[in-house]
Structures are given as structure tokens and as C-alpha cells.
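J.: Heads up: the sequence shown begins at 4 in the working numbering, then just goes up one per residue.
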Amino acid sequence: MATINFGGVEENVVTREEFPLEKAREVLKDEVIAVIGYGVQGPGQSLNMRDNGFNVIVGQRKGKTYDKAVQDGWVPGETLFEIEEALERGTIICFLLSDAAQIELWPTVKSYLKPGKSLYFSHGFGVTYKEKTGIIPPADVDVFLVAPKGSGTSLRRLFVEGKGLNSSFAIYQDASGHAREKCIAMGIGVGSGYLFETDFYKEVTSDLTGERGTLMGAIQGIFAAQYEVLRANGHSPSEAFNETVEELTQSLMPLVAENGMDWMYANCSTTAQRGALDWWKPFRDATKPVFERLYNSVKSGEQAEISITRNSQSDYREKLEEELKELRESEMWKAGTAVRSLRPERS
Ligand SMILES: NC(=O)c1ccc[n+]([C@@H]2O[C@H](COP(=O)([O-])OP(=O)(O)OC[C@H]3O[C@@H](n4cnc5c(N)ncnc54)[C@H](O)[C@@H]3O)[C@@H](O)[C@H]2O)c1
Ligand SMILES: CC(C)(O)[C@@H](O)C(=O)O
Ligand SMILES: [Mg+2]
Ligand SMILES: [Mg+2]
4 MATINFGGVE ENVVTREEFP LEKAREVLKD EVIAVIGYGV QGPGQSLNMR DNGFNVIVGQ
64 RKGKTYDKAV QDGWVPGETL FEIEEALERG TIICFLLSDA AQIELWPTVK SYLKPGKSLY
124 FSHGFGVTYK EKTGIIPPAD VDVFLVAPKG SGTSLRRLFV EGKGLNSSFA IYQDASGHAR
184 EKCIAMGIGV GSGYLFETDF YKEVTSDLTG ERGTLMGAIQ GIFAAQYEVL RANGHSPSEA
244 FNETVEELTQ SLMPLVAENG MDWMYANCST TAQRGALDWW KPFRDATKPV FERLYNSVKS
304 GEQAEISITR NSQSDYREKL EEELKELRES EMWKAGTAVR SLRPERS
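(1) Please name the residue or residues paired with residue 37 in a DSSP beta bridge.
(2) With which residues is residue 6 paired in a DSSP beta bridge?
(3) Enumerate in chain order the residues of its own chain whose CB-to-CB distance from residue 35 is below 6 Å, with the five nearest sequence positions on each side excluded.
(4) Would you list, in sequence order, the uninterrupted beta strand (DSSP E) runs of no fewer than 3 residues that lie entirely inside the segment 105-146?
(5) Grab the span of the beta strand (DSSP E) containing residue 22 for me, first residue to last.
(6) Taking 7 Å as the cut-off, does the CB of residue 214 come closer than this to any heavy atom belonging to ligand 4?
(7) For a test of your reading of the model: does the CB of residue 154 fall under 7 Å from any non-hydrogen atom of ligand 2? Yes or no.
(8) So the alpha helix (DSSP H) residue 334 belongs to, where does it begin and stop?
(9) Beta-carbon within less than 6 Å of residue 153's beta-carbon, same chain only, minus the 5 sequence neighbours each way: which residues are those?
(10) When every heavy atom of ligand 1 is checked, does at least one fall within less than 7 Å of the C-beta of residue 29?
(11) The beta strand (DSSP E) with residue 198 in it runs from where to where?
(12) From residue 250 to residue 350, what distance separates their C-alpha atoms?
(13) To which residues does DSSP link residue 172 through a beta bridge?
(14) Is residue 83 helix, strand or coil by DSSP?
(15) Would you call the CB atoms of residue 61 and residue 89 closer than 8 Å?
(16) Residue 199: which of 70, 269, 173 sits nearest, CA to CA?
(17) Measuring only the C-alpha atoms, how far is residue 32 from residue 46?
(18) Could you pull out every residue in the same chain whose Cβ sits closer than 6 Å to the Cβ of residue 151, ignoring the five residues on either side in sequence?
(19) Does the distance from the C-beta atom of residue 116 to that of residue 96 stay below 8 Å?
(20) What residue does the alpha helix (DSSP H) around residue 252 start on, and which one ends it?
(21) How about residue 125 and residue 99: are their beta carbons less than 8 Å apart?
(22) What I want to know is whether the C-beta of residue 99 ends up closer than 7 Å to one or more non-hydrogen atoms of ligand 2.
(23) Mark residue 129 as exposed unless 16 or more other C-beta atoms lie within 10 angstroms of its C-beta, in which case mark it buried.
(24) Ligand 6 and residue 218: does any heavy atom of the ligand fall closer than 7 Å to the residue's C-beta?
(25) Could you check which residue in 135, 239, 26, 6 has the C-alpha nearest to that of residue 351?
(26) Compute the distance between the beta-carbons of residue 178 and residue 144, then report whether it is under 8 Å.
(27) If you draw a straight line from the C-alpha of residue 5 to the C-alpha of residue 191, how long is it?
(28) Can you give me the start and stop residues for the alpha helix (DSSP H) that residue 291 sits inside?
(29) By alpha-carbon positions, which one of 221, 160, 29 ends up nearest to residue 298?
(30) In angstroms with no decimal places, state the Cα-to-Cα distance between residue 284 and residue 264.
(31) Check whether the Cβ of residue 298 sits closer than 7 Å to any heavy atom of ligand 1, and report yes or no.
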């Protein structure tokens, strides 16, 4: 493990230099990695592992995503199977169904977890909320997680570009005495940049907070608030959208990603810097109580309960689609469609 100073706090992380791909291949050379589920993480992780030279199979029920797996080069009867057959063949079972579907499939998965097999997650959800999910792994299997910190779509794209998404890893149960090296080898195999250690509880509480907060929920909320104020004061949709979203994603966030917030600020006018430096604290103070409410709701299990209840309904996909449609058809995001179509590289 490399010790890195993160802003004054030392943490142990695993890098690709100290745990190279060859080592990961050696650790997992006798394993059949069965990726169960081919939604968002399934394709990213399985394709990256396949391209990295691991022995990977996919288990997916028949339907649209099964067909997508075939298009991606998985061969029915050789590397692509119905879920139960993949569970039978796999020695490392990657449980990559949606968190709600994991509850329904758990009795089936459990019945294939013979001693010596490993159970792999990409989220601490199922095990942490075991009272709600019923996911209690047998004592004689290794249980660990690698949670890529981003979408499976980005995991694949970055891999193809020769880059990597950072992931957390955690060991829940070490029955074989080798859970840790298997877990890290999986993390390297799926295409992680570097790996930082956590536990199942911390992974799920930080992850649920992040996606409801700045990564997804809060960002849409703050975009909508600014856009509405600009529109209410007579600004055109294109002006409001450019000043709220397009400039952020196209110009400023890439600078933040490259070299941090202060560097992005330093590449803007002194007028902009003066304003940003004056206003970031009022925004922090205004939103902090909402983040505290959010974290408490995650901590109490309320957010998990909502997610399980809502996503277990038979029409949950249709309902999600309706809500996504509402976003897509809002004036702000329709303006976004028009703005994107005018990007030089798209016209
Ligand atoms: N989406 C991401 O990029 C992302 C990122 C990090 C971690 N994760 C975690 O990875 C895991 C997988 O998430 P995902 O977003 O890839 O899942 P998903 O919602 O895309 O679903 C994955 C698969 O589940 C299958 N499925 C759904 N219901 C089923 C059922 N009843 N029976 C059989 N199959 C069923 C679908 O066919 C699909 O192939 C979750 O634990 C999630 O929290 C996801
Ligand atoms: C990609 C995210 C938001 O990081 C993940 O946590 C998810 O649940 O999809
Ligand atoms: Mg998540
Ligand atoms: Mg996440």
C-alpha cells in the first residue's frame, strides 16, 4: 500500500504501480468471474476485465440487455448464460443487479454460493441493510466490494482511453484468507485508477449521500434555481442555459478536473474571482443544513427504505422514465438539447 497525504491526512491506497495487472491476473488465474447483470456496471466491468485478460462470463436474463451482451461479443453458451448457469459456473460471483433486484434474486444466488466461492458487490447496500434486504452471506465464502466512483459507462470509456476511474474497496468477510488480494485484483481488473479502502457501511452512506447531493441531486437543484432566476428576470433560454450549465461542463469543470478550483478561478477574470470568492460561503451556509438532513436520512436507513420500496414496484421503470421525461422536457434541458446540437463538433 502506498501512503499518500490527502490534504494533511495520510491514507493507504493501492496503485496500479504496486499492484500491476500481471499480479492481478496471477491472483485470479484459477477463478471464473461471473458478472451477474448487464445493466450499467455489468458491461463496464465485464468488458474491462475481459480486455484485461481475465476469465469472465456474464449471467443475464433474456431480453434487451441480453441482446446487448451478444452485440458486445459475449457468446451464448460459451461466455454468456442465463443467471443460474453463470452462478453455477462462476467462482467469483459479481452481484451487479440493481440493488432492489438483488433482494429478489438473493435466495437463488445464495444457493450457488458453495464454500470457497467469493461474493463480490459494487455497493455496500445489500449487506449493510441486511435487515431490509435479507442478504446475509454464508460464513464460508469471501465477501468483498469494489465500488467504482462513477458510472459504468465512464468506467468503460476511460478504460478504452487508457485512463481509469478511482474505486473504493472493502472486505466484509475473509473466509479463505485471500479475500484482500482477490478484492484488490478485481479492482485492478475492472479498470480502477487507484483504490482506496473503506468498509461496507461507509461506502453505502457516502455513496448515497454523494449521488443525492453534489453529484446528481444538488447539482440539478442548483442549476434549476439559477436558471429560473435568470429566466424570471428576462434572460433568454440560451443565455440562461449557457450561463448555468454549458459553460460549466464545457469550459470550467474540465479546468477544475485538471488542476483544482483555485486554478479554474485563476483562469477567470479578477471580476469573476472576486464574486466567486465572496459568494461560495453563503452558498455553502445555505445548503449545509440540507446536506445534514440528507446525511441523517441516509444514516437512519430512510433513504435505503425509500429506494427499496420504490424500486421494487412492478412499474418502477415506467415511473422513473416519467420523472426523467419531466426533466428532459423542462425548458432548461430542452434549451440544453438545442445548445448541444449547436456545438461545432456536432454540426
Ligand atoms: N450504475 C452505475 O454506474 C453504478 C456505479 C457504482 C456502483 N453501482 C452499483 O452496481 C450495482 C449494479 O448497478 P447497475 O446500475 O449496473 O444496475 P442496473 O439498474 O443497470 O441493473 C442491472 C441488471 O439487473 C437486471 N435485473 C433487474 N431486475 C432483475 C430481476 N428481477 N431479475 C433478474 N435481473 C434483473 C437488469 O436486466 C440489468 O441487467 C448496484 O449495486 C449499484 O448500486 C452502480
Ligand atoms: C454513478 C454513481 C452515482 O456514483 C453510483 O453511485 C450509482 O449509484 O449509480
Ligand atoms: Mg450509488
Ligand atoms: Mg457512486
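For glycine and all other residues, C-beta sits at the position ideal for the given N, C-alpha and C.
Remember, it's a predicted structure, so these values are computed and weren't measured experimentally.
T.: According to the data block:
(1) For the purposes of this step, residue 37 is identified with residue 34 of the sequence shown, where counting begins at 1. Answer by DSSP bridge pairing, in chain order: 60, 96.
(2) The residue given as residue 6 occupies position 3 in the sequence shown. In DSSP, residue 6 forms a bridge with 15.
(3) Taking the sequence shown and counting its residues from 1, the one referred to as residue 35 is at position 32. Excluding its 5 nearest sequence neighbours in each direction, residue 35 has C-beta neighbours in its own chain below 6 Å: 58, 92, 93, 94, listed in chain order.
(4) 121-124
(5) For this step, residue 22 is matched to residue 19 along the sequence shown. Annotation: residue 22 is outside any beta strand (DSSP E) and is labelled neither H nor E by DSSP.
(6) By one-based count along the sequence shown, residue 214 stands at place 211. Checking every heavy atom of ligand 4 against the Cβ of residue 214, one is found closer than 7 Å.
(7) Counting from one through the sequence shown, the residue named residue 154 turns up at place 151. Within 7 Å of the C-beta of residue 154 there is at least one heavy atom belonging to ligand 2.
(8) Indexing the sequence shown from 1 puts residue 334 at position 331. First-last of the alpha helix (DSSP H) with residue 334: 334-344.
(9) For this step, residue 153 is matched to residue 150 along the sequence shown. For residue 153, where only same-chain residues beyond five positions count, the Cβ hits under 6 Å are 168.
(10) The sequence position of residue 29 within the sequence shown is 26, counting from 1. No, the beta carbon of residue 29 sits no closer than 7 Å to any heavy atom of ligand 1.
(11) Residue numbering aside, residue 198 sits at position 195 when the sequence shown is read from its first letter. Counting along the chain, the beta strand (DSSP E) containing residue 198 begins and ends at 195-200.
(12) The count along the sequence shown starts at 1 and reaches residue 250 at position 247. The count along the sequence shown starts at 1 and reaches residue 350 at position 347. When only Cα atoms are considered, residue 250 and residue 350 end up about 19 Å apart.
(13) The sequence position of residue 172 within the sequence shown is 169, counting from 1. Looking at the DSSP assignment, residue 172 forms a beta bridge with 149, 200.
(14) In the sequence shown, the residue the question calls residue 83 occupies position 80. In the structure shown, residue 83 sits in a strand (DSSP, three-state: E or B).
(15) Start at 1 with the first residue of the sequence shown, and residue 61 comes out as number 58. Start at 1 with the first residue of the sequence shown, and residue 89 comes out as number 86. In contact: residue 61 and residue 89 (Cβ atoms closer than 8 Å).
(16) Residue numbering aside, residue 199 sits at position 196 when the sequence shown is read from its first letter. It is 173.
(17) Along the sequence shown, read from residue 1 onward, the residue named residue 32 stands at position 29. Along the sequence shown, read from residue 1 onward, the residue named residue 46 stands at position 43. Their backbone Cα atoms lie some 21 Å apart in a straight line.
(18) Against the sequence shown, residue 151 aligns to sequence position 148. These residues qualify, in order along the chain: 158, 168, 170.
(19) Counted from its first residue, the sequence shown places residue 116 at position 113. Counted from its first residue, the sequence shown places residue 96 at position 93. The answer is yes: Cβ separation under 8 Å.
(20) Here residue 252 refers to the residue found at position 249 of the sequence shown. Looking at the DSSP string, residue 252 is not in any alpha helix (DSSP H), and its letter there is neither H nor E.
(21) Taking the sequence shown and counting its residues from 1, one reaches residue 125 at position 122. Taking the sequence shown and counting its residues from 1, one reaches residue 99 at position 96. Contact flag set, yes.
(22) For the purposes of this step, residue 99 is taken as residue 96 along the sequence shown, with counting starting at 1. Answer for residue 99: no, Cβ out of range of ligand 2.
(23) As a working mapping, residue 129 is identified with position 126 in the sequence shown. Residue 129 is buried by the Cβ-count criterion.
(24) With respect to ligand 6, the structure shown offers nothing to examine, as its ligands consist of ligand 1, ligand 2, ligand 3 and ligand 4.
(25) Outside the modelled stretch of the chain, which goes from 4 to 350, sits residue 351, for which no answer is possible.
(26) Walking along the sequence shown from the start, residue 178 turns up at place 175. Walking along the sequence shown from the start, residue 144 turns up at place 141. Contact: yes.
(27) Position 2 of the sequence shown, counting from 1, holds the residue named residue 5. Position 188 of the sequence shown, counting from 1, holds the residue named residue 191. Going by the C-alpha atoms only, they are around 15 Å apart.
(28) Here residue 291 is taken as the residue at index 288 of the sequence shown, counted from 1. Run containing residue 291: 273-302, per the alpha helix (DSSP H) assignment.
(29) Locating residue 298 in the sequence shown gives position 295, counting from the first residue. Nearest C-alpha to residue 298: 221.
(30) Sequence index remark: in the sequence shown, residue 284 carries index 281 (1-based). Sequence index remark: in the sequence shown, residue 264 carries index 261 (1-based). Straight-line Cα distance between these residues: approximately 14 Å.
(31) Start at 1 with the first residue of the sequence shown, and residue 298 comes out as number 295. For ligand 1, not one heavy atom lies less than 7 Å from the Cβ of residue 298.
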